[in-house]
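*Asks:* Numbering (our numbering), first residue to last: 1 to 574.
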Amino acid sequence: MASLEQLLHDRLAPAFEDVAGAPADPTLRRSQHADFQADGALALARRLGRNPRDIAAEVVSHARLDDLCRSVQISGPGFINLTFSDEALAPLVAEMASHARLGVSRAEDPHTVVIDYSAPNVAKEMHVGHLRSTVIGDAAVRVLDWLGHRVVKANHLGDWGTPFGMLIEHLLDMGESEGAHELSQGDLNGFYKAARIKFDADDSFKERARNRVVALQGGDPQTLRLWRLLVDESEKYFLAVYGRLGVRLTEDDFFGESFYNDMLHSVVEELGRIGLLTESDGAKVVFPRGFTNRDGDPLPVIVQKRDGGFGYGATDLAAIRYRTQELKADRLLYVVGLPQKQHFEMVYEVAREAGWLVAPARAQHVGFGSILGTDGKMLRSRSGDSIRLVELLDEAVSRAAVSVEVKNPELDGATRANVAQMVGIGAIKYADLSNDRLKDYVFDWKRMLNFDGNTAPYLQYARARILSIFRRGSISAPAGAPVILVTEPAERALAIELLAFPSLIEDIAESLEFHRLAGYLYTLASTFTKFYEHCPVLRSEGDVQKSRLTMSDLTARVLAQGLELLGIAAPERM
RNA sequence: GCGCUCGUAGCUCAGCGGAUAGAGCAGUGGACUUCUAAUCCACCGGUCGCAGGUUCGAAUCCUGCCGGGCGCGCCA
1 MASLEQLLHD RLAPAFEDVA GAPADPTLRR SQHADFQADG ALALARRLGR NPRDIAAEVV
61 SHARLDDLCR SVQISGPGFI NLTFSDEALA PLVAEMASHA RLGVSRAEDP HTVVIDYSAP
121 NVAKEMHVGH LRSTVIGDAA VRVLDWLGHR VVKANHLGDW GTPFGMLIEH LLDMGESEGA
181 HELSQGDLNG FYKAARIKFD ADDSFKERAR NRVVALQGGD PQTLRLWRLL VDESEKYFLA
241 VYGRLGVRLT EDDFFGESFY NDMLHSVVEE LGRIGLLTES DGAKVVFPRG FTNRDGDPLP
301 VIVQKRDGGF GYGATDLAAI RYRTQELKAD RLLYVVGLPQ KQHFEMVYEV AREAGWLVAP
361 ARAQHVGFGS ILGTDGKMLR SRSGDSIRLV ELLDEAVSRA AVSVEVKNPE LDGATRANVA
421 QMVGIGAIKY ADLSNDRLKD YVFDWKRMLN FDGNTAPYLQ YARARILSIF RRGSISAPAG
481 APVILVTEPA ERALAIELLA FPSLIEDIAE SLEFHRLAGY LYTLASTFTK FYEHCPVLRS
541 EGDVQKSRLT MSDLTARVLA QGLELLGIAA PERM
């Protein structure tokens, strides 16, 4: 569905071209002074050596706008202020309302997108660091999937490497069934720490752990069985956390580091054959173009260590090759913290030089900042440890339960618990997604659970409140061809906001700036409450009522869909 | 030292080349015989870290400085 901006662009671009003698961008944007403004005349003025206001006037005289706009004015130094006519807006809203996908079409040319996210470590607790990757990655999955792309969820589990020697020996010390029980119950911190303490304190344990690593890498069946046990129990635990979080990751999405083990030799071999490999202090490395260290020397990606073991660079390269060549992916997303940005940029460059990442296929680092406490420092528990993710979820739900009970005591116990779940989990996710993902953000219970402001509870409530209009009126959204009348200022504002949804979603699919979707939903919800405040719905009649009911229903659908794309559930009533 | 990143109202954040910089929270003052006031309306509040530069125009781009965070060859 064409956006308002697109409609104006289609009319103005040829007019600008007429005046400029060459293609010129109308540079359209939303405006405080009108619905939209076109600033292209200012940029043209210099090129043409003419007065920008004259250019704007000439552009306007060349463009057919009378069927779209009720007002076209030149203002200030040469802005073209454009105000849609009510008659132009109404049918567009009607079209959107009658469309099951809210005006958002499926991609004509679907991509295969591999999204690498979450990536917890086996036998280690999930903590706040995994929250962002999991929540952002899940939103990416939802948006791209909804747009009709083929999405492959890749949970790059940390399931291989030297710590497994110590973990397996600790498992044996505990007894297999005891150990498995502890892991599946989710006391991963305890398990890992106990192993770590023994490793640091006990030389004979350390020796056993080292031998165990050798056995693991050598493929010893008994060792592999124990390793598998650790992995399986951890996966069960992670799946339970994912279930609570309401993300789409499943048991089929685990593609841990070990998945790529068999490919590592051939990665090294192929890099050697192409001539990218260099010996450095006995290690095999690749120096990607454009990366230097503090002395200006080239910076390597280590693929094979001195001792013959593989570096994580090798695994990352194997994953790229697998994803582009076997999965035929043309877009690779890495939802990984910003500190690892340079590492991945280097790996992508190696992959490009090796011919494993060639256009149109591309890799995109979807980086994110840290979660800070209200003191402005990295969020940690009082003892200085990282906070267990499940504890955070528990606290969110119990805090939400208190609010819900206070706000709406009429709800029965089961509904209340259900609402608390959605509100609490939604609040945590929304707090994350509503901030620019590249920046650090402050984790503040009070703010995220506030029912006012840019929060999940506010949006959930706004939507529940709309549903209650229909419940209260014992009425459903008008069926058949929608009747839309746009007359009141609050109606116009709502119409324009609603119509912005489709193109926004397409932008988000590219930029993965989910905070813009969050900001949009917040603006939509507040625009709706103003509409609701100023335009009676149930107390109106005839076509006006039909129109308002349809716009209310459409708003509720957009809110629900938008929240769904962010991975946030919305209760029917709250 | 080099690299990346951030510095916008008391607090938390948008805005990232265009007209007097926007929200929310907090503060102050209004509006409930209600379509859920979990709301709405209004006021208060900012030399956009500092200094240069590019531009008709800079919070936005470039350079330098100051301050915070994070990386920098075998952990991923």
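Cβ atoms here follow ideal geometry from the backbone N, Cα and C, with glycine treated the same way.
Because the structure is a prediction, the values reported are computed rather than measured.
Please list, in chain order, all residues of the same chain as residue 251 whose beta carbon is under 7 Å from its beta carbon, the five residues on each side excluded.
*Replies:* Working through the first sequence from its first residue, we reach residue 251 at position 251. Excluding residues within five positions, the ones whose Cβ falls inside 7 Å are 235 and 239.
*Asks:* Report the rounded CA-to-CA distance for residue 248 versus residue 195, giving the unit in angstroms.
*Replies:* As a first step, residue 248 must be located in the first sequence, where it is residue number 248. As a first step, residue 195 must be located in the first sequence, where it is residue number 195. Each residue's Cα considered, the two are about 32 Å apart.
*Asks:* May I ask which residues mark the beginning and end of the alpha helix (DSSP H) holding residue 280?
*Replies:* Looking up residue 280 in the first sequence gives position 280. Residue 280 -> not in any alpha helix (DSSP H); beta strand (DSSP E) instead, spanning 277-280.
*Asks:* I'd like to check one pair, residue 411 with residue 139: are the Cβ atoms closer than 8 Å?
*Replies:* Reading the first sequence from its first residue, position 139 is the one you call residue 139. Reading the first sequence from its first residue, position 411 is the one you call residue 411. Against a cut-off of 8 Å, the Cβ pair of residue 411 and residue 139 comes out as no contact.
*Asks:* Going along the chain, which residues of its own chain have a beta-carbon closer than 7 Å to the beta-carbon of residue 198, five neighbours each way excluded?
*Replies:* Here residue 198 corresponds to residue number 198 of the first sequence, with the count starting at 1. Cβ within range, chain order: 170 and 205.
*Asks:* Just the Cα atoms here: how many angstroms apart are residue 100 and residue 158?
*Replies:* Residue mapping note: residue 100 aligns to position 100 of the first sequence, counting from 1. Residue mapping note: residue 158 aligns to position 158 of the first sequence, counting from 1. Spanning the two alpha carbons is a distance of roughly 41 Å.
*Asks:* Identify, in the order they occur along the chain, each residue of the same chain with its Cβ nearer than 8 Å to the Cβ of residue 487, setting aside the five sequence neighbours on each side.
*Replies:* Stepping through the first sequence from its first residue, residue 487 is reached at position 487. Excluding positions up to five away in sequence, the list reads 86.
*Asks:* Alpha helix (DSSP H) containing residue 285: first to last residue?
*Replies:* The count along the first sequence starts at 1 and reaches residue 285 at position 285. Careful: residue 285 lies outside any alpha helix (DSSP H), inside the beta strand (DSSP E) at 283-286.
*Asks:* In this structure, what does DSSP give as the bridge partners for residue 73?
*Replies:* Within the first sequence, residue 73 is the residue found at index 73, counting from 1. According to DSSP, residue 73 bridges with 81.
*Asks:* Taking residue 163 as the reference, which of 191, 548 and 114 has the closest Cα?
*Replies:* For this step, residue 163 is matched to residue 163 along the first sequence. Residue 191 is the option with its Cα nearest to residue 163.
*Asks:* For residue 33, which residues of its own chain have a beta-carbon under 7 Å away from its beta-carbon, when the five flanking residues on both sides are left out?
*Replies:* In the first sequence, counting from the first residue as 1, residue 33 sits at position 33. Cβ within range, chain order: 75 and 81.
*Asks:* So, for residue 548: in the same chain, excluding its five sequence neighbours on each side, which residues have a beta-carbon less than 7 Å away from its beta-carbon?
*Replies:* Taking the first residue of the first sequence as 1, we reach residue 548 at position 548. Leaving aside the five residues that flank residue 548 on each side, the residues in its chain whose CB is nearer than 7 Å to its CB run, in chain order, 535, 537 and 540.
*Asks:* Is it right to say residue 315 is buried, meaning 16 or more other beta carbons lie within 10 angstroms of its own, or is it exposed?
*Replies:* Position 315 of the first sequence holds residue 315. When all chains shown are included, residue 315 counts as buried.
*Asks:* Identify the residues that DSSP records as bridge partners of residue 334: which are they?
*Replies:* The residue given as residue 334 occupies position 334 in the first sequence. Note: residue 334 sits in a beta bridge opposite 116 and 365.
*Asks:* Could you give the C-beta distance for residue 142 and residue 564, rounded to a whole number, given that I count them as a contact under 8 Å?
*Replies:* Locating residue 142 in the first sequence gives position 142, where the first residue counts as 1. Locating residue 564 in the first sequence gives position 564, where the first residue counts as 1. Their Cβ separation, rounded to whole angstroms, is 7 Å, which keeps residue 142 and residue 564 in contact under 8 Å.
*Asks:* For a minimum of 3 consecutive residues, which ranges assigned as the beta strand (DSSP E) are wholly contained in the stretch 303-349?
*Replies:* 331-334
*Asks:* Using 8 Å for Cβ pairs, my map puts residue 332 next to residue 114. What's the rounded Cβ distance?
*Replies:* Walking along the first sequence from the start, residue 332 turns up at place 332. Walking along the first sequence from the start, residue 114 turns up at place 114. With a Cβ gap of about 5 Å, residue 332 and residue 114 count as contacting.
*Asks:* Whose CA, out of 500, 47 and 532, lies closest to the CA of residue 519?
*Replies:* Translated into positions along the first sequence, residue 519 becomes position 519. Closest option to residue 519, Cα to Cα, is 500.
*Asks:* Along the alpha helix (DSSP H) that carries residue 557, what are the first and last residues, could you check?
*Replies:* Within the first sequence, residue 557 is the residue found at index 557, counting from 1. Where residue 557 is concerned, the enclosing alpha helix (DSSP H) stretches over 542-565.
*Asks:* Nearest-angstrom Cα distance between residue 41 and residue 8?
*Replies:* The count along the first sequence starts at 1 and reaches residue 41 at position 41. The count along the first sequence starts at 1 and reaches residue 8 at position 8. Going by the C-alpha atoms only, they are around 15 Å apart.
*Asks:* For the candidate residues 281, 431, 367 and 14, whose alpha-carbon lies nearest to that of residue 396?
*Replies:* Taking the first sequence and counting its residues from 1, one reaches residue 396 at position 396. Closest by alpha carbon: 431.
*Asks:* Is residue 374 buried or exposed, if buried means 16 or more other CB atoms sit within 10 Å of its CB?
*Replies:* As a working note, residue 374 is residue 374 in the first sequence. That one is exposed.
*Asks:* Which whole-angstrom value is the C-beta distance of residue 52 and residue 77, which I expect to be below 8 Å?
*Replies:* Along the first sequence, read from residue 1 onward, the residue named residue 52 stands at position 52. Along the first sequence, read from residue 1 onward, the residue named residue 77 stands at position 77. About 6 Å separates the two Cβ atoms, so the contact holds.
*Asks:* Going along the chain, which residues of its own chain have a beta-carbon closer than 7 Å to the beta-carbon of residue 386, five neighbours each way excluded?
*Replies:* For the purposes of this step, residue 386 is identified with residue 386 of the first sequence, where counting begins at 1. Result list for residue 386: 127, 128, 129 and 380, in chain order.
*Asks:* For residue 156, is the classification buried or exposed, using 16 other Cβ atoms within 10 angstroms of its Cβ as the cut-off for buried?
*Replies:* Position 156 of the first sequence, counting from 1, holds the residue named residue 156. Buried is the call here.
*Asks:* Kindly indicate which three-state DSSP category residue 164 falls into: helix, strand or coil?
*Replies:* As a position in the first sequence, residue 164 is number 164, starting the count at 1. Helix, per DSSP.
*Asks:* Counting pairs of Cβ atoms below 8 Å between the stretch 490-504 and the stretch 315-324, do you hit three or more?
*Replies:* no
*Asks:* Would you call residue 402 buried or exposed, if buried means 16 or more other Cβ atoms sit within 10 Å of its Cβ?
*Replies:* Reading the first sequence from its first residue, position 402 is the one you call residue 402. That one is exposed.
*Asks:* Who does residue 38 pair with in a DSSP beta bridge?
*Replies:* Taking the first residue of the first sequence as 1, we reach residue 38 at position 38. When beta bridges are read from the DSSP output, residue 38 appears opposite 28 and 80.
*Asks:* Per DSSP, residue 127 forms a beta bridge with which residues?
*Replies:* Against the first sequence, residue 127 aligns to sequence position 127. Beta-bridge pairing links residue 127 to 388.
*Asks:* Just how far apart, CA to CA, sit residue 357 and residue 338?
*Replies:* Counting from 1 along the first sequence, the entry for residue 357 is found at position 357. Counting from 1 along the first sequence, the entry for residue 338 is found at position 338. So the alpha carbons of these two residues sit roughly 21 Å apart.
*Asks:* If contacts are defined as beta-carbon pairs under 8 Å, then residue 361 and residue 329 qualify, I think. What distance do you get, rounded to the angstrom?
*Replies:* Within the first sequence, the letter at position 361 stands for residue 361. Within the first sequence, the letter at position 329 stands for residue 329. Between residue 361 and residue 329 the beta-carbon gap is near 7 Å, inside 8 Å, which marks them as a contact.
*Asks:* Going by Cα to Cα distance, which pick from 19, 220, 25 and 18 is closest to residue 5?
*Replies:* In the first sequence, counting from the first residue as 1, residue 5 sits at position 5. Ranking the options by Cα distance to residue 5, first place goes to 25.
*Asks:* Just confirm the distance between the C-beta atoms of residue 286 and residue 301, as a whole number of angstroms; I'd bet it's less than 8 Å.
*Replies:* The sequence position of residue 286 within the first sequence is 286, counting from 1. The sequence position of residue 301 within the first sequence is 301, counting from 1. The Cβ separation is near 5 Å, so the contact holds.
*Asks:* Under a Cβ-count criterion, where at least 16 other Cβ atoms within 10 Å of its own Cβ denotes burial, should residue 421 be classed as buried or exposed?
*Replies:* Sequence index remark: in the first sequence, residue 421 carries index 421 (1-based). Looking at its Cβ environment, which holds 16 or more other Cβ atoms inside 10 Å, residue 421 is buried.
*Asks:* Do you know offhand how far residue 475's Cα is from residue 572's?
*Replies:* Residue numbering aside, residue 475 sits at position 475 when the first sequence is read from its first letter. Residue numbering aside, residue 572 sits at position 572 when the first sequence is read from its first letter. Using only the alpha carbons, I get a separation of about 15 Å.
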